[in-house]
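Below is one structure, written out as structure tokens; comments come after it.
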Amino acid sequence: AGGSMLAVVGVVYRLLVEGSLAGAFEALLAWLLLVCGVMVSLRWSAAKRARHRPRKAAVVVLGDLGRSPRMCNHALSLADDGWQVSLVGYDESAPPLRVTSHKNIAITHIAPTYKLPRRPKALYLAM
Numbered sequence: 189a190g191g192s193m194l195a196v197v198g199v200v201y202r203l204l205v206e207g208s209l210a211g212a213f214e215a216l217l218a219w220l221l222l223v224c225g226v227m228v229s230l231r232w233s234a235a236k237r238a239r240h241r242p243r244k245a246a247v248v249v250l251g252d253l254g255r256s257p258r259m260c261n262h263a264l265s266l267a268d269d270g271w272q273v274s275l276v277g278y279d280e281s282a283p284p285l286r287v288t289s290h291k292n293i294a295i296t297h298i299a300p301t302y303k304l305p306r307r308p309k310a311l312y313l314a315m
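Residue numbers (our numbering): 189 to 315.
What follows is the structure in structure tokens.
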């Protein structure tokens, strides 16, 4: 893309500076050609960079990972499709082996935000 862009710039420069174009319409057309060439070149290079960027996703479970088969299946589907998946949730029971052993899934455990103390429930009702 860089070589073809230089060729376009060279042609436009030659036409504008060396006086090959006589009228304002031709000069405007030459500048338009230059701007379109630059835009196409920038878009092509941005698309090329995007193809090489890894796709990442986070699947966040506000509950136990081992008891969330639907979220584990979402993570597996994304990982099988080539996404790098971060699976985030509580560590109360182990997720399926297929999830824990998948190379594209990283599991991050979070602590539950609140747990009731182990008192009899009658004491909570009285409060």
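Beta carbons are placed, not taken as given, at the ideal position from N, Cα and C, and that holds for glycine.
- Per DSSP, the beta-bridge partners of residue 244 are 272.
- Within the model, the alpha-carbon separation for residue 235 versus residue 227 is close to 12 Å.
- Scanning 269, 217, 231 for the CA closest to the CA of residue 291 turns up 269.
- Per DSSP, residue 296 is one residue of the beta strand (DSSP E) stretching across 293-298.
- Setting aside the 5 residues that flank it on each side, residue 262 is surrounded in the same chain by 247, each with a C-beta closer than 8 Å to its C-beta; the list follows chain order.
- Residue environment analysis places residue 283 among the buried positions, since at least 16 neighbouring C-beta atoms fall within 10 angstroms of its C-beta.
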